[in-house]
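**Q**
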Amino acid sequence: MKPGCPLGISLLATICLVLFVSPVLAEEKNAEGETPTPLAGEEFDTEVMGEPVKVPARDRKNVTAASFGVQYLPASGFAGPSPDR
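Under my numbering, residue 96 is the last one in the sequence shown; the count climbs by one each step, no gaps.
Spelled out as structure tokens, the structure:
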């Protein structure tokens, strides 16, 4: 048996426990009176600053989205790993 094996098994068991218990805890919170988040495209009624707001349902079969990512990294004096490594 490898020395690292028990750690791997305990990590796997912890991940499985979190994945299976999280949905149960989420359902308990909703049962306590919290309003669940509406699903995308469904009709939704709410109140904003005392005024009623009604969001109509949308057909989401054909949705187009564009994302333009821009990244700026100012010079920090770090040039990266040296070439001799």
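Backbone N, C-alpha and C fix where the C-beta goes; we use that ideal spot for every residue, glycine too.
Taking the beta strand (DSSP E) that Thr57 falls in, what are its first and last residues?
**A** Phe55 to Val59 is the span of the beta strand (DSSP E), which, as asked, contains Thr57.
**Q** Is the separation between the beta-carbon of Glu54 and that of Ala68 shorter than 8 Å?
**A** It is a contact, given that the beta carbons lie within the stated cut-off.
**Q** Lys65 bridges to which residues according to DSSP?
**A** Answer by DSSP bridge pairing, in chain order: Asp56.
**Q** How would you label Ser21, buried or exposed, when you count the other beta carbons within 10 angstroms and need 16 or more for buried?
**A** Label assigned to Ser21: exposed.
**Q** In chain order, what residues of the same chain have a beta carbon less than 6 Å from the beta carbon of Pro85, not counting five sequence neighbours either side?
**A** Same-chain partners within the cutoff: there are none.
**Q** Shortest alpha-carbon distance to Asp70 belongs to which of Met60, Gly52, Thr48 and Thr46?
**A** Of the listed residues, the one whose Cα sits closest to Asp70 is Gly52.
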